[in-house]
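Position one of the sequence shown corresponds to residue -3 (my numbering), numbered consecutively onward. Glycine is no exception: its CB is placed at the ideal position from the N, C-alpha and C atoms. Shown next, in structure tokens, is the structure this report addresses.
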Amino acid sequence: MNHLRINEMLSLIFLFIALGLRPVYKYFEYVLDFPRVNITSIYIVLFLLFIFSNIYNYKNHENEKSFTGLSTFWLLLMVSLIQLFSFPFIPNYSNAGTYIYLTIISQTIIQYWLFWIVGMNVVKIWENKNFWKLMIVIWLFLSLVILWSAISNTVVFAIFLGGTQIYLMLADSFAVLSIFILCRLDNSKKELLLILISSICLFALFSRASFYCFILTSIVFLYKKNKIAMFSIIALSLMILFINLDNNSFTDNRMIRMIFGSYDLSQSMREDQLEKGINSLSEAWLLGDFMGDVEESFGEKGNYIHNYLSFWRQFGFIPFLLMTIIAFSSFVKILIYWWKTNNIKGLPLFLFYISIFTLSEIILARSFLYPYIWMSIGGISAYFFNKKEEK
């Protein structure tokens, strides 16, 4: 078995765990007291297997495709080294400094690389019909679990999580999976049904960023494929909002209140974190300060900028500049292809819409911990490289 086949298999396993198994099991673990499983340890094994496979390939020069996406490779390597070299200083931040460090790098090293690897192998992943049949089953199961939990919740229409903070993980992974499935369908009625069900589920998952960014992605999707449905959905949404203007229980809902300008504690806290983060950024704008937010908060995590300015804050100006150039040049490339191609479908369709979703999330609400953008970058790079090879 050559390294390309190994990479494909490892990518399929990781994608199955990240978008399917992990959300399902973590929900049962936190809410229904299932035994704890350390998913990160599985990710580390997959990452090491990928490294060994590609070191062997590099020595044997099996395939020139190993040299695609070099700019992203060097960026990821730079970011990874910054974090590794920072480790000797981390334990001094607090008694839990080492633990916080390990939880962060599980996303900012391990998942960065693994989602990029998935992107670089997305052409083969997309062609695997049996894999996507399995993922559709998982999407249906997740939808049923979310809707059942939200309907059973007598307080508010939201999934019951027993006070745990896993709703961002659940919402982001469910939204990405929904976009995958949406772009594999080729039936307008099924597409509309999936958008409707996914939107309701994301509303119940209580993550406003995932919900609204998915809505934005769906509107752009329908703009090209079904403008009547798009305008109908927008008109219906505005009508529902207008009818419920005097309904305090509706307008004060966490998922709605920002539209009406109501005070929101979470948004207020993020504005404070943004202000503090920018002040700290001004003092370390060139080299950044990895986990400096944890040090300033006396060992408390989570006080970072909740957009990708936090990438600058953590890793410095040069990695942030490279990240910005790579992400937006990738998006412009797939945007031009989407705009010029009348009957776009399949993989390029997914790459365009997942780029809209991930970019809008990192601009509006997601920090440097957000790994899905790397799948978008790697996927666009791999897709256009393969198109060039076919000519």
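Cβ neighbours of residue i in the same chain (closer than 8 Å, five flanking residues each side left out)
i	result
residue 153	146, 147, 199 and 200
residue 55	Any reading at residue 55 must be qualified, since the residue scores a pLDDT of 47, below 50, and its modelled position is unreliable; no value is offered.
residue 21	30, 33 and 35
residue 25	31, 32 and 33
residue 309	273, 276, 277, 280, 284, 285, 288, 289, 300, 301 and 364
CA-to-CA distance, residue j to residue i, given in whole angstroms
i	j	result
residue 276	residue 311	13 Å
residue 131	residue 138	10 Å
residue 296	residue 290	5 Å
residue 340	residue 176	15 Å
residue 155	residue 208	17 Å
residue 381	residue 40	28 Å
residue 190	residue 141	16 Å
residue 307	residue 42	25 Å
residue 348	residue 123	17 Å
residue 264	residue 274	16 Å
residue 325	residue 315	15 Å
residue 174	residue 48	32 Å
residue 195	residue 254	18 Å
residue 68	residue 165	24 Å
residue 151	residue 91	38 Å
residue 105	residue 75	8 Å
residue 3	residue 93	34 Å
residue 375	residue 239	43 Å
Burial state of residue i (16 or more Cβ within 10 Å)
i	result
residue 192	exposed
residue 219	exposed
residue 29	exposed
residue 377	buried
residue 285	buried
residue 73	exposed
residue 95	exposed
residue 371	buried
residue 1	exposed
residue 249	buried
residue 342	exposed
residue 327	buried
residue 63	Because residue 63 carries a pLDDT of 38, less than 50, the predicted location of this residue cannot be relied on, and the following value inherits that uncertainty. Burial call: exposed.
Cut-off 6 Å between Cβ atoms - residues of its own chain near residue i, not counting five sequence neighbours on either side
i	result
residue 169	15 and 19
residue 89	290, 291 and 295
residue 293	299
residue 270	301
residue 346	179
residue 97	86
Own chain residues within Cβ distance below 7 Å of residue i, not counting five before or after
i	result
residue 333	344
residue 101	79
residue 128	180
residue 188	225
residue 368	111, 168, 172 and 354
residue 358	303, 304, 366 and 369
residue 205	357, 360, 361 and 362
residue 103	365 and 367
Report yes or no: do the region 210 to 220 and the region 157 to 165 share at least 3 C-beta pairs separated by less than 8 Å?
no
Given 8 Å as the limit, is there contact between the region 218 to 236 and the region 275 to 291, that is, 3 or more CB pairs closer than that?
no
Three or more beta-carbon pairs under 8 Å between the region 303 to 323 and the region 355 to 365, yes or no?
yes
Count the C-beta pairs between the region 114 to 129 and the region 3 to 10 that are closer than 8 Å, then say yes if the count reaches three, no if not.
As far as the Cβ criterion goes, the region 114 to 129 touches the region 3 to 10, which means the pair count is three or higher.
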